[in-house]
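For the sequence shown, the numbering used here gives the first residue as 425, with consecutive numbering after it. Cβ coordinates follow ideal geometry from the N, Cα and C atoms, glycine included. This report concerns only the one structure given below.
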Amino acid sequence: MLRTLLKSVSELSTKIDKLIFLCQRSAMGVIDRRTEEMDSDAIHFPLRTHEELRSLEAALDNKKYRDHFVARLRNLMCDDTRKSAKACLQYILSPELANIYTLHGTRSKFGISKYKFYSTVQSALCSHFRSASCPEKEILHAMATASQAFLHDARNKVHKRGWRSKERLASQALSDVTNIINDTSTST
Numbered sequence: 425m426l427r428t429l430l431k432s433v434s435e436l437s438t439k440i441d442k443l444i445f446l447c448q449r450s451a452m453g454v455i456d457r458r459t460e461e462m463d464s465d466a467i468h469f470p471l472r473t474h475e476e477l478r479s480l481e482a483a484l485d486n487k488k489y490r491d492h493f494v495a496r497l498r499n500l501m502c503d504d505t506r507k508s509a510k511a512c513l514q515y516i517l518s519p520e521l522a523n524i525y526t527l528h529g530t531r532s533k534f535g536i537s538k539y540k541f542y543s544t545v546q547s548a549l550c551s552h553f554r555s556a557s558c559p560e561k562e563i564l565h566a567m568a569t570a571s572q573a574f575l576h577d578a579r580n581k582v583h584k585r586g587w588r589s590k591e592r593l594a595s596q597a598l599s600d601v602t603n604i605i606n607d608t609s610t611s612t
């Protein structure tokens with residue numbers, strides 16, 4: 425009897441998790457309910473949260489969306505592989521989001537090389553630059569170098585060079601207003 429009850433609860437929990445996942449995806453505008461096609465305008469770049477990144481990852485499963493995404497990336501590319509790779513990453517990730525990543529991941533940070541968007545950028549670069557004089561191995565090395573430079577620059581922007589996120593600006597503004605109110609109340 426107890427086993428049956430536990431099994432039923434487990435099945436119900438699984439079904440609820442699936443339902444929540446579908447509701448979240450449809451609420452983010454990733455899926456049109458009638459056609460099951462991806463809405464290419466639902467995801468706004470640069471991505472600012474991990475949830476937006478997950479939406480992009482889900483959207484990249486759709487071939488039409490992936491082709492549209494690669495076309496966007498090709499518009500950012502120039503004659504240099506490193507500059508093109510960095511431009512693509514800057515287009516996709518905001519500095520705040522990039523700050524929580526490294527190329528291959530560490531104990532405290534995620535690795536961007538494990539994501540579909542990263543492999544999509546790699547394949548777009550390879551198809552754009554591959555030739556007899558520029559083998560795929562060289563392109564992948566340039567992508568890795570540019571990725572590390574981009575992630576390092578993002579960390580510098582967020583931590584060292586006075587980059588202030590919206591939350592930090594809001595808390596600073598609240599602190600300033602509180603100080604002004606305290607100053608005016610003590611002077612009267």
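Closest by C-alpha distance to Leu513, out of Ala483, Thr544, Lys487, Thr602, is Thr544. Going by beta carbons, Ala511 and Leu500 fall inside the 7 Å limit.
Secondary structure at Tyr515: helix, using DSSP grouped into helix, strand and coil. Every unbroken stretch of the alpha helix (DSSP H) spanning 4 or more residues and falling wholly within the stretch 481–513 is given here in chain order: 487–500.
Within a 10 Å sphere around the beta-carbon of Gln546 sit 16 or more other beta-carbons, which makes this residue buried. Taking C-beta atoms as the reference points, Ser518 and Leu527 fail to come closer than 7 Å.
The alpha-carbon of Leu443 is positioned some 32 Å away from that of Thr530. The Cβ neighbour count for Arg427, taken over all protein chains shown within 10 Å, is under 16; the residue is labelled exposed. In this structure, Ala573 lies away from Thr505, with their beta-carbon atoms at least 7 Å apart.
Less than 7 Å separates the beta-carbon of Arg579 from that of Asn523. Within 10 angstroms of the beta-carbon of Glu435 lie fewer than 16 other beta-carbons, which makes it exposed. Rounded to the nearest whole angstrom, the C-alpha separation of Val494 and Asp577 is 24 Å.
In this structure, Glu476 lies away from Lys540, with their beta-carbon atoms at least 7 Å apart. Excluding residues up to 5 positions away in sequence, Thr505, Leu549, Cys550, Phe553, Arg554 lie with their Cβ nearer than 7 Å to the Cβ of Ile563 in the same chain. A straight line joining the alpha-carbon of Glu520 with that of Asn486 spans about 27 Å. Nearest neighbour of Val582 by Cα position, chosen from Arg472, Lys439, Cys502, turns out to be Arg472. For Thr569, the enclosing alpha helix (DSSP H) begins and ends at 560–579.
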